[in-house]
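From first to last, the protein sequence lines are chains A and B.
According to the working numbering, the stretch in the first sequence is residues 23 to 522, in order.
According to the working numbering, the stretch in the second sequence is residues 23 to 522, in order.
Working notes for the structure below.
2 protein chains.
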Amino acid sequence: MVGYHLKARRLGIETPNEAHIFMHKDCHVCRAEGFAARTSIVVANGPKSVIATLYHVTGKLVGQSEAGLSEWAWNELGLTEGNEVTVSHAPPLESLSQIRGKVRGRKLDALSLRQIIADIAGGRYSGIHLSAFVTACAARGLDYEEIHGLTRAMIDAGEHISWGSRTVVDKHSIGGLPGNRTTPIVVAIAAACGLMIPKTSSRAITSPAGTADTMETMAPVELDLDTMRRVVENEGGCIAWGAAMGLSPTDDILIRVERVLDLDGEGQLVASILSKKVAAGATHLVLDVPVGPTAKVRSYESAQLLAQSVLDIGRSFGLQTKVVISDGSQPIGRGIGPALEAQDVLAVLRGDTMAPADLKDHSLALSATLLEMTGTADEGHGLPMAAACLSSGRAWTKFQRICEAQGGMRTPPAAAHRRVIGARQSGLVERIDSRRLSRVAKLAGAPDAKAAGVELHVRLGSPMSRGEPAYTVFAETPGELDYAMTYVEANPDIVGLTLT
Amino acid sequence: MVGYHLKARRLGIETPNEAHIFMHKDCHVCRAEGFAARTSIVVANGPKSVIATLYHVTGKLVGQSEAGLSEWAWNELGLTEGNEVTVSHAPPLESLSQIRGKVRGRKLDALSLRQIIADIAGGRYSGIHLSAFVTACAARGLDYEEIHGLTRAMIDAGEHISWGSRTVVDKHSIGGLPGNRTTPIVVAIAAACGLMIPKTSSRAITSPAGTADTMETMAPVELDLDTMRRVVENEGGCIAWGAAMGLSPTDDILIRVERVLDLDGEGQLVASILSKKVAAGATHLVLDVPVGPTAKVRSYESAQLLAQSVLDIGRSFGLQTKVVISDGSQPIGRGIGPALEAQDVLAVLRGDTMAPADLKDHSLALSATLLEMTGTADEGHGLPMAAACLSSGRAWTKFQRICEAQGGMRTPPAAAHRRVIGARQSGLVERIDSRRLSRVAKLAGAPDAKAAGVELHVRLGSPMSRGEPAYTVFAETPGELDYAMTYVEANPDIVGLTLT
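And the structure:
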């Protein structure tokens, strides 16, 4: 049975990473094949095929011998107007039984994980299936072997970059701390000091900005593998969006669901980090783990557990890791949101006197670790080497060259709408709620609205007078500003003061 | 901010229980409000509103001042061609944080469960959210208080039926055993013996047929509350589709996701059963729990745990329960699939000599329990009373009257395509895999294709010769028959033989 032929129709409906097919309810194929609504069916154009979710249509949207296709399906199948597609039943999703086993407490072995990841990579999991996998792993936890198996499966599902036998460094932050945008600075310093650092970053998962979102306000980040390789061979480093390169592609699919749920379990977090690093060919990794009451990692103990897991699993893939556990009790820098964070990065690189000192210091510490662990600097000499590189302007020059190599440097956009939030009373700042600040930035439109976000004007311990600006909310549209302000007004204690 | 006005357009796309809105990517509202793809937005027509998932559209499907709506959204909003709708940002989904807490092992209190169920009832959960809730509850388990809170919240989210102070009986089977279609028989016997049994049943969750699917091949089941009340007042009983009545409506939404995942956790199972029974006004319940290696409940111990949970939670809602744990080592009756199961039911009710004895005996045992627990029969006299009612034809007469009262009796459809599966060797039947038989029935089109399914020709211990029919696969279309046969051919041991 090869399936039935239908005329393909482009409907223009955007369904990122998911294929939808729209068929008339009275279509002869639906009736003959018994295609029920919301079932998964195979749609093929010659050798190319996708698994698509079927929606029944009544009325005139599609004819009875037509298959309406969403943009993602249309592009994946490489269709042009007038083409025909064939449709047939999708094979049963056997790997779901492995997820049911995990729900009941059974361990996922390497083969099961390989099957699950293969089904995800093949587009055979709907949002409901993906959510069950993510939730089951987070609720039941993953042990060493499961995380290893998941990482291996995720690496094998995508592209790999080989840099021969050279030392290749990388850097990763466990998110959750707004404004912690050290990557562009660390890459500039490391590359200026002669290290090779082909950095791939992600877009925001649950935060108001990912490094790729921030970097995109300064230079193009959607590089293909060849471009990335050319940039790195010429400049020693890059800051590119990982997903554009096909490294660990299932990670990006899982991240989309984790973002909807605002949930990422520890095992999946480790596999997500390491699969990208190993696939990108890294040999040395510095892992930044900020710890604080409103950061992603909330206690020193859980930071150590996470760090140990990354160290152990990383070693099994030939990746040497150093973990830097840092203070995550308040946001780093001033900006929260893509363009606002880029302004902080540029201030540090240019050596502005008003540049945020915490962002600078933290970037230097991470750079120093990379310089020492690769033997570029002797122990104890990493920090002065990194600091000299930054203060001399060599890092700034390198950053500009990297931006140019990636397609040309850009000026981050400014927001058209803003509102200053003043202190409700006088006192000392005793608490800054990073989670709720991130929420404000997201409600204001970040990360999709690049200029949107929050600029924080105070630090823990700052003395404030009543009415003095605590933070400013930026938005690109009045609707988004209103939306964020509704939340701000319902949450007057985001910056907590103690009476002096 | 009341939102923006757009012209509503009916696209004819069917999205059961979920609202979809299709807006042009360059639409002024999307830009001004920063509506991102796949976000949830509020769509309102005067006082009526739904939360809809937004899809961006390019091209000419919808204009820049139009809102394309799926059928469910169109109907929920009560729109007619030419109407305008307003769109605005959906409030943040606060109850998600309760689910994240559950994922991390925190208990769900009554208020959290009420918020989650209210958000589900309000259509504010997407498939991804629903899946996370179902999976987290199944993976972490629910304790007594959580199941109680969930049941309470589910009851309160829907309609209730009150029968005054009268005794109202009900019956429920924990699914998983194909062909266990005792309900129509038990309702007929109980009502003929003078009990009031307003039975609401569900459609299939993960099985090839639910009682409502089977009953629908014999009479209409989509009764509204008034019709159901009239049928029960006149005839003493009914067999109606619960969802059509608005009893515990969130249960039906959760069931849709559980069906996709083929997963229902114990706590949710208990809440699902009891919320429907309590909302329907039942005072006495007989719970049928078949136990077998391929049934839903696989051991006597887990049957007892489940039974205890239903007893305890039921009592707290004033519902008296008796549990009947039965043999679930093989399917009951011969048919698996709506129409095929209906044939078995009709054979038992009519007293055909070839009627399946196991279905008859099991129905009598359940009826006897109801007769005794309500004092209709003295202890030890329930079984003879039920048997007399059936053999005298009183139950058959009552069943026909109920069917007529529900809208008219129908003849179950017959399948156009069939294939007989013969034994591959001679021997004794030592194993019948109910799960895989159900799979075959589903692949053949059940429950959507009413006539599709499997008819089993053997019982455990039956002697067979090579080539003798073991079971027959029925389908309404050749495509479905082929699809089921592919699975049958890959699974030659569904009926396991031991050599004699």
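Don't be surprised by glycine CBs; every beta carbon is placed ideally from N, CA and C.
Reference residue i, options the options, closest by Cα
{"i": "B/R225", "options": "B/A438, B/A506, B/I424, B/G359", "result": "B/G359"}
{"i": "B/G430", "options": "B/E244, B/T499, B/G350", "result": "B/E244"}
{"i": "B/I275", "options": "B/C425, B/I150, B/W96, B/L33", "result": "B/I150"}
{"i": "B/C159", "options": "B/I73, B/L91, B/G289", "result": "B/G289"}
{"i": "B/Y147", "options": "B/A474, B/S351, B/A41, B/R372", "result": "B/A41"}
{"i": "A/T499", "options": "A/T508, A/H182, A/A473", "result": "A/A473"}
{"i": "B/T520", "options": "B/A89, B/L482, B/L503", "result": "B/L482"}
{"i": "B/G475", "options": "B/R432, B/S456, B/P485, B/Q326", "result": "B/S456"}
{"i": "B/S338", "options": "B/V282, B/E167, B/H194", "result": "B/E167"}
{"i": "A/C52", "options": "B/A512, B/L283, B/G373, B/G467", "result": "B/G467"}
{"i": "A/H111", "options": "A/V72, A/A512, A/E477", "result": "A/V72"}
{"i": "B/V191", "options": "B/A179, B/Q342, B/Q352, B/W96", "result": "B/Q342"}
Neighbour list for residue i in chain A, Cβ cutoff strictly below 8 Å
{"i": "B/E36", "result": "K47, A59, Y77, H78, V79, T80"}
{"i": "B/F44", "result": "I35"}
{"i": "B/L118", "result": "L283, D284"}
Pairwise C-alpha distance: residue j and residue i
{"i": "B/H479", "j": "A/G340", "result": "59 Å"}
{"i": "A/V510", "j": "A/W185", "result": "48 Å"}
{"i": "B/A361", "j": "B/P435", "result": "6 Å"}
{"i": "B/Y77", "j": "B/P271", "result": "26 Å"}
{"i": "A/C49", "j": "A/S87", "result": "6 Å"}
{"i": "B/V24", "j": "B/R320", "result": "Summary for B/V24: the model assigns pLDDT 47, below 50, so the residue's position carries little reliability, and this model does not support an answer."}
{"i": "A/A369", "j": "A/W418", "result": "10 Å"}
{"i": "A/D235", "j": "A/G287", "result": "23 Å"}
{"i": "B/G81", "j": "A/L91", "result": "13 Å"}
{"i": "A/A506", "j": "B/L164", "result": "36 Å"}
{"i": "B/A59", "j": "A/G34", "result": "13 Å"}
{"i": "A/Y26", "j": "A/T108", "result": "5 Å"}
{"i": "A/V253", "j": "A/A427", "result": "6 Å"}
{"i": "A/T61", "j": "B/D131", "result": "35 Å"}
{"i": "B/P491", "j": "A/L115", "result": "29 Å"}
{"i": "B/R31", "j": "B/N105", "result": "8 Å"}
{"i": "B/S448", "j": "B/A317", "result": "26 Å"}
{"i": "A/L217", "j": "A/A262", "result": "17 Å"}
{"i": "A/S153", "j": "A/E280", "result": "8 Å"}
{"i": "B/S413", "j": "B/M376", "result": "14 Å"}
{"i": "B/K29", "j": "A/M267", "result": "41 Å"}
{"i": "A/R136", "j": "A/G145", "result": "14 Å"}
{"i": "B/L283", "j": "A/E36", "result": "25 Å"}
Heavy atom of the ligand SAM within 7 Å of residue i beta-carbon
{"i": "B/L381", "result": "Here there are no bound small molecules, and the ligand SAM is not part of this structure."}
Chain-ordered neighbours of residue i on chain B, where CB pairs are closer than 8 Å
{"i": "A/I547", "result": "This structure cannot speak to residue 547 of chain A, because chain A is shown only from 23 to 522."}
{"i": "A/H111", "result": "G501, Y505"}
{"i": "A/R122", "result": "L283, D284, L285"}
Cross-chain neighbours of residue i in chain B, by beta carbon under 7 Å
{"i": "A/F496", "result": "Those do not exist, as A/F496 stays about 12 Å from chain B at its closest Cβ, beyond 7 Å."}
{"i": "A/L33", "result": "L83"}
{"i": "A/T108", "result": "Within 7 Å Cβ-Cβ: nothing; A/T108 doesn't reach chain B, min ~13 Å."}
Closer than 7 Å at the beta carbon, the chain A residues around residue i
{"i": "B/A438", "result": "Those within 7 Å of B/A438 in chain A number zero; the least Cβ separation is about 11 Å."}
{"i": "B/A409", "result": "Correct list: empty, because the minimum Cβ distance to chain A is about 40 Å."}
Neighbour list for residue i in chain A, Cβ cutoff strictly below 9 Å
{"i": "B/R128", "result": "What B/R128 touches in chain A: nothing, since even the nearest Cβ is about 11 Å away."}
{"i": "B/V125", "result": "T157, A160, A161, L283, L285, G287"}
Handout entry: Length-filtered (4 minimum) alpha helix (DSSP H) runs lying within the stretch 421–496 of chain B
Key = 456–465
Practice task
Please determine if the stretch 458–468 of chain A and the stretch 483–501 of chain A are in contact, where contact requires at least 3 C-beta pairs separated by less than 8 Å.
Solution key: yes
Problem - Completely contained alpha helix (DSSP H) runs for the stretch 104–191 of chain B, where each covers 4 or more residues - result: 118–125, 132–143, 149–162, 166–178
Problem - Three-pair Cβ contact test at 8 Å for the stretch 170–180 of chain A versus the stretch 369–385 of chain A - result: no
Exercise for the section: Would you mind listing the beta strand (DSSP E) stretches within the stretch 220–295 of chain A that are 3+ residues and don't spill past its ends, in chain order? Expected result: 259–263
Practice task
Tell me, please, whether the stretch 199–212 of chain A touches the stretch 308–323 of chain A by the rule of three or more beta-carbon pairs shorter than 8 Å.
Solution key: yes
Practice task
Determine contact between the stretch 118–138 of chain B and the stretch 61–74 of chain B, defined as no fewer than three beta-carbon pairs at a distance below 8 Å.
Solution key: no
Practice task
Mind listing, in chain order, the continuous alpha helix (DSSP H) runs of no fewer than 4 residues lying wholly within the stretch 44–99 of chain B?
Solution key: 50–55, 93–98
Practice task
Inspect the CB distances between the stretch 437–449 of chain A and the stretch 206–218 of chain A and report whether three or more fall short of 8 Å.
Solution key: no
Exercise for the section: Ignoring anything shorter than 3 residues or poking outside the stretch 315–366 of chain B, list the beta strand (DSSP E) runs there in chain order. Expected result: 342–349
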